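Residue numbers (the numbering used here), protein chains in the order written: chain A, 36 to 429; chain B, 36 to 429.
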């Protein structure tokens, strides 16, 4: 067991019509001028943006707006947001959307709080000392950014996608109404479920020293997501299943599922990152497509964890050798991914990287990780290439 | 499933020697003058108080001190603390101890932040609008006060024991070093485990509408506490078991295990409260002594929850009728309590209330609850009396 810290200051307001409380929650933050930050048409079409505007108006809070956030949120829009917010005297950012919108809001909030180029943070040449307060009205269960310390921004020039983690940007409040996720396409819903599972599993598959209470909470969370994701395939409007997944999404990435572990593995995320750099694939689908190959490549080095996962999460009977049980757990996970129409190979994902492209991906992946990555098994460039090749051969 | 809010702003710093960071953590709160609040000799004898003093001194933070907190912390000491802290210009309270010390610190912090008698809050004649910031160095795993919104204070005059819940008093940070709990007597350790379990179980046994992810997290927590408590009977210095229990104690009462339920039951706590009013019994032991009788009295009205508890927490085989399984779960829980030397009846607790005393306890209990209490089954005065009589007849 390792020492840990946990800091989850976000005030969660969860339930039907929770967005009606946005005015009150912003007001409690003593905000004078709010930047409402959002993405594309869906929050406009659904009427959510209007409801948020109305709530702020009724609460007597002035606001300005910036839409246009896209998946893999762009640095150029972050700069635009900083400029606009400075000109307008904004002192609070309200993100209305999913992970990309929240991440973009975090970057703007960092940029407003201090002098200097905010991209420095994402290049890790300095650390932030301050961050404007942020609030969230969540419309998508996936990234967990609504409670997390992380944000990922893409610089268009050179297509550099970089992450910055800092407790300072954890949102002050997160409004979560599961109903707001009901109109998502099934594919996006399933991608979100995979992302949530991976945030948990990448903290779970470590080389040892985990805490029993953390492991068992992680297993509980994973079982719930699996069960609820299957429900949503048949009944996308099922409130309870939407709610279970939405709440799991926050708990999966706010730190709770990593308490006492050695920091986690996160190789699947790193491997997928390069796939996303080369192809326009949805993050969750990319994770599902690579996970099985990663698992088969590493499981022998982390057998007791894969065995435990198989039995406690995937319900595999504890008969046979540890290796047999572990492999059955991997197979059951892949079968689950397919049952929610997620890919488990490059072919199913619809990509066909050449050998040279895979070599390039492995090179970039190991470079981004500073040479190697992983805890269940430490992966070097050759290992990464081997995993890509396995996913390509399926 | 019910709507919920969760607000857990406490920065948790968990692990060996974590108390060495107290200076840095207090400094991060911009504190100028700290009141170190503590209980009796144990934090002095162990050298912990000296280490805390040294850490503040090294961090350049001025402090004053007030010891003497006793179990069922007293209003008179709270008043004394408020007076002292006002005179000394205290702007931060550091509780070094267990639940009683933290609760006393919370009351002092409320009293310092606003004009008026702080007892008003505990009498519920007004709500707090402010509270001085609090930090915690935890020495006992039980009440969960280190992350909770609650505090319980006893007014000596008339021996009135009252609770006040308010997010404002959630500690800013909680330093948790499991090693600090190793010297606790076995009886107190076991009492803490029962208290932690009850905080979870009283949120679990409700009349319905629970959230699956919350239920399964609660079950994970309970299984971990049971397993670890048994380890500590044989090996009181086992760091991992101490750590599992310490972290479970915080999670059991910070709100996480109640997300999406209907507010919980809390009848066992209410029933025990009156036993504690009449006899000098340890809170956890009192809870263990009454729980089985409560469970047998109410389980038929909440059969699906008792059945689930039996299978998922106590490991009862799912054979037989729901009623048989539920009863086996209750028996297994009592057997567990006895295995850690906790009582499961009034006789084992060492109390022998007369019929008149039990009638009086039931009357006070229902009055304190505003007439009735409970969710698994709503209990009125006659029900409460019946439960006391059951525990007395065992």
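Beta carbons are placed, not taken as given, at the ideal position from N, Cα and C, and that holds for glycine.
Only a predicted model underlies this, so the values are computations on that prediction, with no experimental measurement involved.
Beta-carbon proximity of residue i to residue j, cut-off 9 Å
i	j	result
residue 371 of chain A	residue 429 of chain A	no
residue 73 of chain B	residue 132 of chain B	yes
residue 393 of chain B	residue 423 of chain B	yes
residue 233 of chain A	residue 326 of chain A	yes
residue 129 of chain B	residue 112 of chain B	no
residue 267 of chain B	residue 375 of chain B	yes
residue 264 of chain A	residue 294 of chain A	no
residue 218 of chain A	residue 77 of chain A	yes
residue 333 of chain A	residue 412 of chain A	yes
residue 348 of chain A	residue 277 of chain A	no
residue 239 of chain B	residue 296 of chain B	yes
residue 292 of chain B	residue 256 of chain B	yes
residue 181 of chain B	residue 189 of chain B	no
residue 275 of chain B	residue 247 of chain A	yes
residue 75 of chain A	residue 104 of chain A	yes
residue 98 of chain A	residue 68 of chain A	yes
Status (buried if at least 16 other CB within 10 Å, exposed otherwise) for residue i
i	result
residue 93 of chain A	exposed
residue 221 of chain B	exposed
residue 54 of chain B	buried
residue 153 of chain A	buried
residue 160 of chain A	exposed
residue 183 of chain A	buried
residue 288 of chain A	buried
residue 356 of chain A	exposed
residue 323 of chain A	buried
residue 389 of chain A	exposed
residue 226 of chain A	buried
residue 408 of chain A	buried
residue 321 of chain B	buried
residue 46 of chain A	buried
residue 124 of chain A	exposed
residue 352 of chain B	exposed
residue 300 of chain B	buried
residue 66 of chain B	buried
residue 162 of chain A	exposed
residue 369 of chain B	buried
residue 404 of chain A	buried
Residues sharing a beta bridge with residue i, DSSP
i	result
residue 208 of chain B	B:46 and B:170
residue 186 of chain B	B:199
residue 363 of chain B	Note: residue 363 of chain B sits in no beta bridge, so no partner.
residue 70 of chain A	A:99 and A:128
residue 414 of chain A	A:408
residue 40 of chain B	A:48
residue 109 of chain A	A:189
Best match in the options for proximity to residue i [C-alpha to C-alpha]
i	options	result
residue 91 of chain A	A:75, A:389, A:70 and A:101	A:70
residue 49 of chain A	B:196, B:36 and B:338	B:36
residue 329 of chain B	B:362, B:311 and B:386	B:362
residue 109 of chain B	B:140, B:407 and B:413	B:140
residue 318 of chain B	B:121, B:64, B:187 and B:122	B:187
residue 236 of chain B	B:278, B:290 and B:116	B:290
residue 166 of chain B	B:191, B:103, B:178 and B:142	B:142
residue 42 of chain B	B:301, B:200, B:120 and B:89	B:200
residue 118 of chain A	A:96, A:144 and A:105	A:144
residue 260 of chain B	B:300, B:314, B:176 and B:75	B:176
residue 204 of chain A	A:148, A:421 and A:96	A:148
residue 421 of chain B	B:391, B:252, B:410 and B:365	B:391
residue 367 of chain A	A:230, A:331 and A:126	A:331
residue 96 of chain B	B:155, B:62, B:340 and B:198	B:62
residue 64 of chain B	B:86, B:209, B:350 and B:344	B:209
residue 38 of chain B	A:52, A:243 and A:40	A:52
Heavy atom of the ligand HEM within 8 Å of residue i beta-carbon
i	result
residue 324 of chain A	You won't find the ligand HEM in this model; it holds no ligand whatsoever.
Worksheet item: Hey, is the region 273 to 283 of chain A in contact with the region 206 to 218 of chain A, meaning 3+ C-beta pairs nearer than 8 Å?
Response: Cβ pair count under 8 Å is three or more, so yes.
Item to complete: Count the C-beta pairs between the region 265 to 274 of chain A and the region 298 to 309 of chain A that are closer than 8 Å, then say yes if the count reaches three, no if not.
Response: Judged by Cβ distances under 8 Å, the region 265 to 274 of chain A makes no contact with the region 298 to 309 of chain A, as fewer than three pairs qualify.
Worksheet item: Three or more C-beta pairs closer than 8 Å, one from the region 128 to 144 of chain B and one from the region 167 to 182 of chain B: is that the case here?
Response: Yes, the region 128 to 144 of chain B touches the region 167 to 182 of chain B.
Fill in: Inter-stretch contact (C-beta, 8 Å, three-pair minimum) for the region 393 to 406 of chain A and the region 307 to 316 of chain A
Taking 8 Å as the limit for Cβ pairs, the verdict is that the region 307 to 316 of chain A does touch the region 393 to 406 of chain A.
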